[in-house]
Amino acid sequence: MRRALSILAALWLLHALPTAAAPRAEAWARWAAHDDSATLSLDHGAWDGLLERYVVTTAADGIHRVRYAAFTPADKAALADYLQRLQAVRISAYPRAEQKAYWINLYNAATLKLVLDHYPVVSITRINISPGLFARGPWGKKLLTVEGEAVSLDDIEHRILRPLWQDPLVHYGVNCASLGCPNLAAEAYTAQNTTRLLESGARAYVNHPRGVRVADGRLWVSSIYVWFMSDFGGSDAGVVMHLRRWADPALAARLRDLRRIDGHDYDWALNEAQ
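Its first residue numbered 34, the sequence shown is counted upward by one per residue in my numbering.
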């Protein structure tokens with residue numbers, strides 16, 4: 034009986050991991066190197082073209098979805114080639130603005146390819162390739178190699194982007210192929226457009242019901258703001274201040290007197306275009 038209860042407890046923990054915990058931002062010093070005097074730039078045209086062809090906005094709810102089933106063999110090959118070219122770049126020699134766009138695009142392109150490699154799948158959480166007994170999903174798997182270093186999606190988000198840039202808007206840039214996630218941008222990030230895309234992503238998400246809902250004086254938010262509260266001010270009040278900054282006037286007015294989060298949720302269903 035005791036053994037059975039232990040197994041049930043372990044299974045419950047495994048199921049709860051994506052919504053109960055999130056990795057801390059711990060800088061990987063290896064990737065702090067940069068050269069802002071360099072005139073190097075990266076070409077993300079191939080990724081831009083794929084996003085233009087396969088990312089669609091659903092009029093009913095405004096969520097960006099991906100036409101995974103429509104991907105042609107040629108475009109799957111183009112995606113793989115783009116990822117190979119990114120991994121061949123000595124990114125530590127580039128300016129910070131180029132690096133930020135690089136890591137966001139690398140994360141998103143690798144995630145999209147991961148889904149295509151396992152398609153059809155109802156949720157990215159079902160792609161259980163991460164190492165570890167209680168690991169769930171693909172985020173811990175070393176999928177990429179950059180400058181000779183094996184890199185996972187978790188590394189990119191939690192050891193590079195979050196700690197090195199300390200910009201909460203990064204959460205609106207990286208996309209986990211789920212309906213609950215901020216939109217996958219329909220264009221590639223570049224050194225020139227990263228700020229614009231992250232800010233437009235913040236506005237779109239904060240003003241969408243999957244990001245923020247206020248009813249009867251109670252605040253319900255995306256779990257992102259709870260999992261990563263340290264990035265959004267470190268408290269309920271800090272999260273609310275962040276939300277007010279990006280909220281449209283009507284939502285900002287409803288948030289004005291709120292100081293706490295009453296609940297949170299997240300939809301892990303695949304962001305697939307039907």
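All C-beta atoms, glycine included, are put in the ideal place defined by N, C-alpha and C.
For residue j and residue i, believed in contact at Cβ under 8 angstroms, the rounded distance
i	j	result
residue 138	residue 210	Actually they do not touch by this definition, with Cβ atoms about 15 angstroms apart.
residue 127	residue 73	5 angstroms
residue 177	residue 120	6 angstroms
residue 64	residue 197	6 angstroms
residue 187	residue 282	Contact flag wrong, Cβ pair sits at about 37 angstroms.
residue 133	residue 112	21 angstroms between Cβ atoms; not a contact.
Which of helix, strand or coil DSSP assigns to residue i
i	result
residue 33	Nothing in the structure corresponds to residue 33, since the chain is present only between 34 and 307.
residue 145	helix
residue 197	helix
residue 251	strand
residue 88	strand
residue 236	helix
residue 77	coil
residue 125	helix
residue 303	strand
residue 244	coil
residue 296	strand
residue 278	helix
residue 63	helix
residue 98	strand
residue 211	strand
residue 270	helix
residue 225	coil
residue 291	coil
residue 390	Outside the shown range of the chain (34 to 307) lies residue 390, about which nothing can therefore be said.
residue 261	coil
residue 150	helix
residue 69	coil
residue 57	coil
residue 130	helix
Rounded separation between residue i and residue j - CA only
i	j	result
residue 163	residue 302	19 angstroms
residue 221	residue 99	14 angstroms
residue 131	residue 78	14 angstroms
residue 233	residue 277	15 angstroms
residue 270	residue 293	6 angstroms
residue 102	residue 93	21 angstroms
residue 159	residue 172	11 angstroms
residue 179	residue 255	32 angstroms
residue 290	residue 249	12 angstroms
residue 106	residue 219	21 angstroms
residue 168	residue 161	8 angstroms
residue 123	residue 223	17 angstroms
residue 299	residue 144	18 angstroms
residue 263	residue 215	18 angstroms
residue 157	residue 170	6 angstroms
residue 152	residue 286	43 angstroms
residue 117	residue 260	32 angstroms
residue 236	residue 230	10 angstroms
residue 238	residue 244	5 angstroms
residue 227	residue 204	13 angstroms
residue 165	residue 110	31 angstroms
residue 207	residue 58	15 angstroms
residue 213	residue 82	25 angstroms
residue 89	residue 108	16 angstroms
residue 76	residue 225	12 angstroms
Neighbourhood of residue i by C-beta, 7 angstroms cutoff - its chain only, sequence neighbours within 5 removed
i	result
residue 288	247, 273, 276, 277, 280
residue 296	253
residue 129	67, 69
residue 265	201, 258, 271, 272, 275
residue 189	136, 139, 140
residue 91	98
residue 71	126, 127, 128
residue 60	192, 196, 197
residue 240	280, 281, 284
residue 115	79, 80, 142
residue 104	87, 149
residue 185	172, 173, 174, 175, 176
Residues near residue i by beta carbon distance below 8 angstroms, same chain, minus five either side
i	result
residue 307	98
residue 155	302, 303
residue 182	63
residue 251	295, 296
residue 268	262
residue 96	90, 212, 216, 241, 243, 304
Let me know the alpha helix (DSSP H) ranges lying completely inside the stretch 155 to 206, each 4 residues or longer, listed in chain order. 195 to 198
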